[in-house]
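Residues 1 to 47 (full-length UniProt numbering) are what the sequence shown spells out, left to right. Even glycine gets a Cβ: it sits at the ideal position worked out from N, Cα and C. Below: one structure, written as structure tokens.
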Amino acid sequence: MAKDIIHDAVKNALIKDDWIITHDPFRVEYEELEIFADLAVEKPHTM
């Protein structure tokens, strides 16, 4: 899958802000359907 022109900049900004990239790309399969999102991310909880 081709990445758009800002993919790396967005990914780096998220990492710099302490987000965790969990999937790059994020693929979802359901029955005969396959969908891709650029990134799956999560922000760790801080206490």
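The beta strand (DSSP E) spanning residue i covers which residue range?
| i | result |
| --- | --- |
| residue 13 | Counting along the chain, residue 13 falls outside any beta strand (DSSP E), though it belongs to the alpha helix (DSSP H) covering 7 to 16. |
| residue 39 | Counting along the chain, residue 39 falls outside any beta strand (DSSP E), and DSSP gives it neither H nor E. |
| residue 29 | 26 to 30 |
Look up residue i in the DSSP assignment and say whether it is helix, strand or coil.
| i | result |
| --- | --- |
| residue 46 | coil |
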